[in-house]
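Protein sequence lines, in the order shown, are assigned to chains H and D. Each residue of the first sequence is one higher than the last, beginning at 354 in my numbering. Each residue of the second sequence is one higher than the last, beginning at 88 in my numbering.
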Amino acid sequence: MTTLTVYDTPRAKPATGFWTRDRKAGAVFLVLGVLATVLFTGLARSGAGARFVWGVSSVGAGISIPAKAGAAIFGVVCALCGAALLTGRAERWLRWLAGLALVTLVLSFLCWQVAGQAMPLGSMAQATVKAALPLVFGALCGVLCERSAVINVAIEGQLLTGAFMAALVGTVAASAWAGLVAAALGGVFIALLLAVLAIRYLVDQVVLGVVLNVLALGLTGFLFTQLMQQHGDKYNFPPTFPAWHIPGLASIPIIGPALFQSNIFGYLAIVLVIVVHFALFHTRWGLRTRAVGEHPTAADTVGINVRGTRYRNVLLGGVVAGIGGASLTIGDVGSFTNNMTNGRGFIALAALIFGRWSPIGATMAALLFGFTTALAGYLPLVGSTIPSEFLNMLPYAATIVAVAGLVGRVRAPAADGQPYVKG
Amino acid sequence: MTAQTRPAEEAERAERPPEGGRARRALRAVASANAVTLTVLAVVLALVLGAILIVLGNDRVLAEYGYFFAQPGTTLGDSWQIVTDAYGNLFRGAVFDPSALSGAIAGTNSWNLVFYPISETLTYTAPLIFTGLSVALAFRSGLFNIGGHGQVIFGCIGGALVGFALPLPPVLHLIAALLGAAVGGGLIGMIAGVLKARTGAHEVIVTIMLNNIAFWFLQWIITKPGVHNPARSDAISKDVLGSARLPGLGSGLRADLGVVLGVLAAAAVAWLLNRSTEGFELRAVGLNPDAARTAGMSVGRAYILAMTTAGALAGLGGGVIVLGPAVHLTGAVAGTVGFDGITVALLGRGKPWGVVASALLFGALHAGGNRMQQSSHVAIDLVTVVQAVIVIFIAAPALVTAIFRLRATRGVSASLAKGW
Chain H
354 MTTLTVYDTP RAKPATGFWT RDRKAGAVFL VLGVLATVLF TGLARSGAGA RFVWGVSSVG
414 AGISIPAKAG AAIFGVVCAL CGAALLTGRA ERWLRWLAGL ALVTLVLSFL CWQVAGQAMP
474 LGSMAQATVK AALPLVFGAL CGVLCERSAV INVAIEGQLL TGAFMAALVG TVAASAWAGL
534 VAAALGGVFI ALLLAVLAIR YLVDQVVLGV VLNVLALGLT GFLFTQLMQQ HGDKYNFPPT
594 FPAWHIPGLA SIPIIGPALF QSNIFGYLAI VLVIVVHFAL FHTRWGLRTR AVGEHPTAAD
654 TVGINVRGTR YRNVLLGGVV AGIGGASLTI GDVGSFTNNM TNGRGFIALA ALIFGRWSPI
714 GATMAALLFG FTTALAGYLP LVGSTIPSEF LNMLPYAATI VAVAGLVGRV RAPAADGQPY
774 VKG
Chain D
88 MTAQTRPAEE AERAERPPEG GRARRALRAV ASANAVTLTV LAVVLALVLG AILIVLGNDR
148 VLAEYGYFFA QPGTTLGDSW QIVTDAYGNL FRGAVFDPSA LSGAIAGTNS WNLVFYPISE
208 TLTYTAPLIF TGLSVALAFR SGLFNIGGHG QVIFGCIGGA LVGFALPLPP VLHLIAALLG
268 AAVGGGLIGM IAGVLKARTG AHEVIVTIML NNIAFWFLQW IITKPGVHNP ARSDAISKDV
328 LGSARLPGLG SGLRADLGVV LGVLAAAAVA WLLNRSTEGF ELRAVGLNPD AARTAGMSVG
388 RAYILAMTTA GALAGLGGGV IVLGPAVHLT GAVAGTVGFD GITVALLGRG KPWGVVASAL
448 LFGALHAGGN RMQQSSHVAI DLVTVVQAVI VIFIAAPALV TAIFRLRATR GVSASLAKGW
């Protein structure tokens, strides 16, 4: 059955011979681990402790790690993970070892940076989830579209339209729920343009996505300047969703504040990730969606409505992305500003690719990217010398590394971007 | 193994007419009045949609629609009045202002005011020609360069660094600064080309990511000592030295040599694509990489060449901005010129002279949009909407336009047909 997914020979051959995927990853982590051990240990302030606090403020229970020793130990663990992978005998443990190596690398870095200061892990987790939230919605929208082979570069535009509609309708109707519904409809509006033009009129989907982003930016920008800027109280003052604390769970250290003190959008994201994952891999709808994305001709042969499936999925994606946009306005700051998504749709796209077109993977990637954002916000507070701009670049650089196949190769659904013409 | 995949592939190919035939038909379509009619209709439709938006975006007139049936005449009259006022100012800001001419004849204002709208249009046109050419060149080579934004940013940085840090004699300095801009953009474009050629990484993903990397790099570099202007507290670079600035086309007007360079660049790209061996290879690879490879051309080399040249062109667009009207680097120095290049190239149907024409149209819309914003209080974002709508209308009848040719040629090569 795997042959069904192969239309052509990929240009870059999978790594064979000595340099298999795990060996490559191992070599990278070994080098990074050694560098971390030497650099971070050398640079860490001696005698100072790096304090990690469980809660959301910098005082309270936590642990102190001597900065130099911590940086060294974590760096060595990272290097050891790399070395284990490099032997080529640990292929089965690739995922766990690579994860451990990444975590220890970050910890080694943090020991250096936090030396003499305190890092509230609870609020870091909270900031991570907050930054990741629109990315998760955006990436899930991408999963829905691209698993049925419609490329969606217009996630940015859908988030923006959702954010705008939530603020506008939320204010006019004086109801956050109305705003939420309007946001979903706003996302669907862009999705509908994408679907009709891509599926029916066979317009190049990447070109289309870019143009739809411009359209969304122009539309929301125009109406923002014309209406919201001059009459803010009339058009741009929506009610926001209150945070719901779940008793018990909310007081779990670190993840409690992040996951169980959020508003409806946080819970919705958790539910959506699980639902999309389950639906995609364990239901008839999911099987059909994947069939349409990998081999539409075969899917058509067995009676699946290829175009119908694509329409449905793209519109569903619009709902999800629109809600994601709403999380920026009625789920957070409570008002719309021009171009407020500010490239988040593109990071969502990066998360989708980095997460290999899977809901869980994309969510993990979104959390990773959210963490870099949280870190970029935290480090200047402790007087770090690392420019936050470079931390902000990290998600993008990581995605380039992923698509270039330097560390493991990512592969899109086989028919992604190809319109289907029944023949 | 192949038995299962072949029929599908063949069925897919059979649906499409042969390559050469379609290309010729597309060329005929472009050459015929059909494309012109289509473009004019698209512009008109976009302006009609824009008019609806102008009414929707006016709080006072919008309120009148609330009691439309009580006084339909007033409502419609007011709607008509704000729309004509806005579009009138759009025209006066972009092309020609009759009151300035009568004033100049009567001697109440200078002749400069008469040429001011044209000058503004040309100022906004210049970088758009470059970014449009960049996208068009990549299109013709079968690549989609979304990286114009990042390439413009690195062009701005390269041009500005040479412009204020490298004191040289006047003419030489300008040439060096333009070269710096081209190298800055070219290098960042080359990354995408090399990754595409070596690893097959899709240029769309790589260039999107490079755009954002370039953005953050710019935010970082303008605050660094040596680049940051010490006399200013905000994030702004030193001014480009006078010797590296593009000479103006008229005293007191913003238009400068940039637009002339843009036209020259269009001529150069036209020559490169249509008359040179490299250009033939680029087009061959763009139309059908497999056939090009069979014919002994290096597809990878063509990709690298195309992306580097495209990057250098967009970089020059950045140079024209920073050595022209902008003078120094700011966080938003590149504006949306890089993304607008995509719409310019699509409207220009991937042809160098088409790009010049569509850059002129979008430049005029931008210049007029400024006037419209000031005089009619209609936000300039309307121009963005109009641009996007024009391009959507152009792209929608995909079967008859050159854009379809582009999409379909991607369909031939499996690696390009995968969106990613």
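We put the CB at the ideal spot given by N, CA and C, even for glycine.
### Query
In chain order, what residues of the same chain have a beta carbon less than 7 angstroms from the beta carbon of S119 (chain D), not counting five sequence neighbours either side?
For the purposes of this step, residue 119 (chain D) is taken as residue 32 along the second sequence, with counting starting at 1. Any reading at S119 (chain D) needs caution, since the residue's pLDDT is 48, under 50, leaving its predicted position unreliable; the model's value is listed next. Nothing meets the Cβ criterion.
### Query
If we ignore side chains and look at the alpha-carbon of each, how far apart do V522 (chain H) and R442 (chain H) end up?
On the first sequence, residue 522 (chain H) is found 169 positions in, with the first residue counted as 1. On the first sequence, residue 442 (chain H) is found 89 positions in, with the first residue counted as 1. Roughly 58 angstroms separates the two Cα atoms.
### Task
Since I believe G349 (chain D) is in contact with L333 (chain D) (beta carbons under 8 angstroms), could you give me their beta-carbon distance rounded to a whole number of angstroms?
Along the second sequence, read from residue 1 onward, the residue named residue 333 (chain D) stands at position 246. Along the second sequence, read from residue 1 onward, the residue named residue 349 (chain D) stands at position 262. Contact doesn't hold; Cβ gap of about 11 angstroms is too wide.
### Message
Taking only three categories from DSSP, how would you classify A503 (chain H)?
### Response
Counted from its first residue, the first sequence places residue 503 (chain H) at position 150. Before going further, note that residue 503 (chain H) is Val rather than Ala in the sequence given. Three-state DSSP puts V503 (chain H) in coil, outside helix and strand.
### Task
Counting only runs of 3+ residues fully inside the stretch 400-427 of chain D, write out the beta strand (DSSP E) ranges in chain order.
DSSP runs (the beta strand (DSSP E)) wholly in the stretch 400-427 of chain D: none.
### Touch test, the stretch 223-242 of chain D against the stretch 385-400 of chain D, Cβ-Cβ under 8 angstroms, three pairs minimum
Yes, since at least three Cβ pairs between the stretch 223-242 of chain D and the stretch 385-400 of chain D fall closer than 8 angstroms, the two stretches touch.
#### Entry: Three CB pairs or more closer than 8 angstroms across the stretch 679-689 of chain H and the stretch 511-521 of chain H
yes
### Query
Taking just the CA atoms, how far does G379 (chain H) sit from F689 (chain H)?
Against the first sequence, residue 689 (chain H) aligns to sequence position 336. Against the first sequence, residue 379 (chain H) aligns to sequence position 26. The alpha-carbon atoms of F689 (chain H) and G379 (chain H) are separated by roughly 45 angstroms.
### Task
Could you check the C-alpha separation between A420 (chain H) and C464 (chain H) for me, to the nearest Å?
By one-based count along the first sequence, residue 420 (chain H) stands at place 67. By one-based count along the first sequence, residue 464 (chain H) stands at place 111. Roughly 5 angstroms between the two C-alpha positions.
### Task
Report yes or no: is there a C-beta of chain D within less than 9 angstroms of the C-beta of E647 (chain H)?
Along the first sequence, one-based indexing puts residue 647 (chain H) at 294. Not an interface residue.
### Task
Could you pull out every residue in the same chain whose Cβ sits closer than 6 angstroms to the Cβ of K366 (chain H), ignoring the five residues on either side in sequence?
The sequence position of residue 366 (chain H) within the first sequence is 13, counting from 1. At K366 (chain H), the pLDDT of 48 sits below 50, so the modelled position is not reliable; the number obtained from the coordinates is stated separately. Here the set comprises nothing.
### Query
Taking 9 angstroms as the CB-CB limit, is N745 (chain H) close to chain D?
Taking the first sequence and counting its residues from 1, the one referred to as residue 745 (chain H) is at position 392. Yes, contact with chain D.
### Task
Output the distance between the C-alpha atoms of T662 (chain H) and A715 (chain H), rounded to the nearest integer angstrom.
Sequence index remark: in the first sequence, residue 662 (chain H) carries index 309 (1-based). Sequence index remark: in the first sequence, residue 715 (chain H) carries index 362 (1-based). In a straight line, the C-alpha of T662 (chain H) is about 22 angstroms away from that of A715 (chain H).
### Query
Is DSSP giving A807 (chain H) helix, strand or coil here?
For chain H, the structure presents residues 354 to 776; residue 807 (chain H) sits outside this window and is missing.
#### Entry: Straight-line Cα distance separating G418 (chain D) from P312 (chain D)
Position 225 of the second sequence, counted from the first residue, corresponds to residue 312 (chain D). Position 331 of the second sequence, counted from the first residue, corresponds to residue 418 (chain D). Their backbone Cα atoms lie some 16 angstroms apart in a straight line.
### Message
Considering just the uninterrupted stretch of the alpha helix (DSSP H) at G730 (chain H), what are its terminal residues?
### Response
Numbered from its first residue, the first sequence carries residue 730 (chain H) at position 377. 712-731 is the span of the alpha helix (DSSP H), which, as asked, contains G730 (chain H).
### Task
Can you tell me which of H:F707, H:L720, H:P733 puts its alpha carbon nearest to the alpha carbon of A750 (chain H)?
Stepping through the first sequence from its first residue, residue 750 (chain H) is reached at position 397. Of H:F707, H:L720, H:P733, the residue nearest in Cα terms is H:F707.
### Query
Which partner residues does F405 (chain H) have in the DSSP bridge list?
Counted from its first residue, the first sequence places residue 405 (chain H) at position 52. Paired residue(s): H:I416, H:M472.
### Task
Starting from the Cα of L328 (chain H), find the closest Cα among H:A492, H:R376, H:V391, H:P473 and give me that residue.
Because chain H spans 354 through 776 in this model, residue 328 (chain H) falls outside it and cannot be assessed.
### Residues of its chain near W638 (chain H), where Cβ-Cβ distance is below 7 angstroms and the 5 sequence neighbours each way are ignored
Stepping through the first sequence from its first residue, residue 638 (chain H) is reached at position 285. Once the five neighbours on either side are set aside, the close Cβ partners of W638 (chain H) are A632.
### Interface positions of the stretch 270-294 of chain D facing chain H (Cβ-Cβ less than 7 angstroms), listed along the chain
L282, T286, G287, A288, H289, V291, I292, V293
### Task
Would you list, in chain order, the members of the stretch 461-477 of chain D that have their beta-carbon closer than 9 angstroms to a beta-carbon of chain H?
So the list reads H464, V465, A466, I467, D468, L469, V470, T471, V472, V473, Q474, A475, V476, given in the order they occur along the chain.
### Query
Would DSSP call S363 (chain D) helix, strand or coil?
What you label residue 363 (chain D) is simply residue 276 of the second sequence in a count that begins at 1. In the structure shown, S363 (chain D) sits in coil (DSSP, three-state: anything other than H, G, I, E or B).
### Query
Hey, does Q579 (chain H) have any beta-carbon neighbour from chain D nearer than 9 angstroms?
On the first sequence, position 226 is the one that residue 579 (chain H) refers to. Yes, contact with chain D.
### Message
Under 9 angstroms, Cβ to Cβ, is there at least one residue of chain H near A485 (chain D)?
### Response
What you label residue 485 (chain D) is simply residue 398 of the second sequence in a count that begins at 1. Interpretation of A485 (chain D) is limited by its pLDDT of 48, a score under 50 that renders its predicted location unreliable; the figure taken from the coordinates is listed afterwards. By this cut-off, A485 (chain D) is an interface position.
### Task
Can you pull the chain H residues whose beta carbon is under 9 angstroms from the beta carbon of T430 (chain D), in chain order?
Residue mapping note: residue 430 (chain D) aligns to position 343 of the second sequence, counting from 1. Going along chain H in sequence order, the residues near T430 (chain D) (Cβ under 9 angstroms) are V563, V564, V567.
### Message
In this structure, how does DSSP classify L493 (chain D) when only helix, strand and coil are distinguished?
### Response
Locating residue 493 (chain D) in the second sequence gives position 406, counting from the first residue. Per-residue confidence for L493 (chain D) stands at a pLDDT of 38, beneath the threshold of 50, marking its modelled position as unreliable; no derived number is given.
### Query
What do you get for V142 (chain D), buried or exposed, if any count of 16 or more other CB atoms within 10 angstroms of its CB means buried?
Counting from one through the second sequence, the residue named residue 142 (chain D) turns up at place 55. V142 (chain D) should be labelled buried.
### Query
Grouping DSSP H, G and I as helix and E and B as strand, with all else coil, what is A118 (chain D)?
By 1-based counting over the second sequence, the position of residue 118 (chain D) is 31. Low confidence applies to A118 (chain D): its pLDDT is 45, below 50, so where it sits in the model is not reliable enough to give any reading.
#### Entry: Endpoints, the alpha helix (DSSP H) within which M581 (chain H) is located
For this step, residue 581 (chain H) is matched to residue 228 along the first sequence. M581 (chain H) -> no alpha helix (DSSP H), and no H or E assigned at all.
### Task
List the residues of chain H that N299 (chain D) touches, going by C-beta distances under 9 angstroms, in chain order.
As a position in the second sequence, residue 299 (chain D) is number 212, starting the count at 1. What N299 (chain D) touches in chain H: G696, F699, I700, A703, N745, M746, P748, Y749.
### Task
Tell me whether D343 (chain D) sits in a helix, a strand or coil according to DSSP, three-state version.
In the second sequence, counting from the first residue as 1, residue 343 (chain D) sits at position 256. Three-state result, D343 (chain D): strand.
### Query
Under a three-way DSSP split, which group does H598 (chain H) fall into?
Here the question's residue 598 (chain H) lines up with position 245 in the first sequence. Note: H598 (chain H) maps to coil in three-state DSSP.
#### Entry: Under the three-state DSSP convention, the category I508 (chain H) falls into
In the first sequence, residue 508 (chain H) corresponds to position 155, counting from 1. Three-state DSSP puts I508 (chain H) in a helix.
### Identified DSSP bridge partners for G335 (chain D)
Within the second sequence, numbered from 1, the residue matching residue 335 (chain D) stands at position 248. Per DSSP, D:D343.
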